[in-house]
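This report concerns only the one structure given below.
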Amino acid sequence: MKSNKPTPSFLDYLDLSLLRISKRRRSKIENDSDNFYESFFTVDDIVKYECDVRNEWRFNVMQKLLSDVISSGEGIFVDVGCGLGFSSRFIPGNFSYKGIEFSEQTFNFAKNLHSGVKNTEFIQGGFPRLPIEDSVADFVICTEVIEHIEDDGKAISELYRILKPGGYLWITVPSTYYWQDYFRLIGHYRHYTGTLFSKQLENCGFEIHKRIPQFNKYWRYYQYTWVLMQIFEKVCRATISKELQILKTKWYQNRKNKIISKLENMNQKEKELLTSTSILVKKSV
């Protein structure tokens with residue numbers, strides 16, 4: 018009987034090899050599960066995260082989705098697994114922002130980075146029970162989080178619980194080839210397909226509102242460029258003792274603007290949209 022499991026490509030092997038190299042000095046989940054996520058973000062990661070075009074693109078998408086479905090321009094916005102909390106900078110001022118972060122260290126980073134910002138609150142917590150009341154959120158985002166949760170069905174139901182009737186959830190999960198090593202290295206229990214993920218969301222009570230283009234091939238090649246930039250920075254430090262942050266250079270800023278402009282003008286084929294694991298869903302009224 019023929020297996021339905023996809024065959025890994027050369028690039029899948031390359032992705033795994035690069036990940037092993039990048040995580041070689043960080044803790045592994047099987048060695049220290051209690052503190053594994055405490056090392057997810059370091060002080061050095063803050064600049065990289067803030068400047069990386071992938072995050073700016075993601076937050077631009079979020080802004081457009083938010084303006085499309087909530088015309089009033091106000092409400093309660095919840096980011097589950099908010100990381101460093103930069104999504105708070107991309108929502109309208111009339112929204113109340115709540116960022117939920119599991120890691121104590123990352124939570125403290127986020128709280129300090131956005132200290133004193135009006136209508137912004139960070140709460141430490143996570144699945145299986147989010148520290149939010151029932152039916153309070155108008156718009157929730159949960160990007161690249163569910164794959165870290167062993168019982169993803171219960172986690173999706175928890176997202177459903179905190180949304181108001183008629184509220185929206187933008188949720189994204191990885192759809193690349195899944196290696197067993199991904200759990201050990203980055204805590205991923207699984208990756209997804211667009212069809213199965215859509216069905217899982219519907220089984221938890223959500224209505225599919227929109228599938229969002231992911232441009233996976235484009236971002237994959239960008240990731241290889243990113244790796245080369247990090248190598249170049251390390252070579253500069255080792256050979257000429259010069260601290261170089263490419264992401265802060267004028268060259269990178271120009272490249273970033275061109276990348277965003279290019280993606281905005283790219284049309285995603287319908288076939289590719291159906292495989293997307295970036296989905297906007299709605300809680301029934």
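Using the working numbering, read the sequence shown as starting at 18 and increasing by one per residue.
The beta-carbon is built from N, C-alpha and C at its ideal position, and this holds for glycine as well.
- Counting along the chain, the unbroken alpha helix (DSSP H) around residue 219 starts and ends at 211-220.
- Burial is judged here by how many other beta carbons sit within 10 angstroms of a residue's own beta carbon; residue 85 has fewer than 16 and is exposed.
- Spanning the alpha carbons of residue 116 and residue 124 requires a straight line of approximately 9 Å.
- Counting of Cβ neighbours within 10 angstroms places residue 170 among the exposed residues, the total staying below 16.
- Nearest in C-alpha terms to residue 231, of all of 72, 61 and 23, is 72.
- DSSP, reduced to helix, strand and coil, places residue 196 outside both helices and strands of the structure shown, so it counts as coil.
- Contact annotation, residue 151 with residue 92: C-beta distance approximately 16 Å; criterion of less than 8 Å not satisfied.
- For residue 86, the enclosing alpha helix (DSSP H) starts and ends at 70-86.
- Counting C-beta atoms within 10 angstroms of its own C-beta, residue 187 has 16 or more neighbours from the protein chains shown and is therefore classed as buried.
- Residue 58 sits in coil when the DSSP states are folded into three classes, being neither helix nor strand.
- Per DSSP, the unbroken alpha helix (DSSP H) holding residue 237 starts and ends at 233-256.
- With contacts defined as CB atoms closer than 8 Å, residue 283 and residue 263 fail to qualify as a contacting pair.
- Beta bridge pairing from DSSP links residue 185 with 156 and 299.
- In the DSSP assignment, residue 34 falls within the unbroken alpha helix (DSSP H) covering 27-39.
- If the five residues before and after residue 241 are omitted, its C-beta is found closer than 6 Å to no C-beta atom of its own chain.
- Contact between the stretch 270-284 and the stretch 102-121 is not established, with fewer than three Cβ pairs separated by less than 8 Å.
- Where residue 118 is concerned, the enclosing beta strand (DSSP E) starts and stops at 112-118.
- Beta bridge pairing from DSSP links residue 96 with 116 and 158.
- Minimum Cα-Cα distance from residue 80 among the listed residues 68, 109 and 95 corresponds to 109.
- Distance between residue 41 and residue 225, taken at the CA atoms: about 39 Å.
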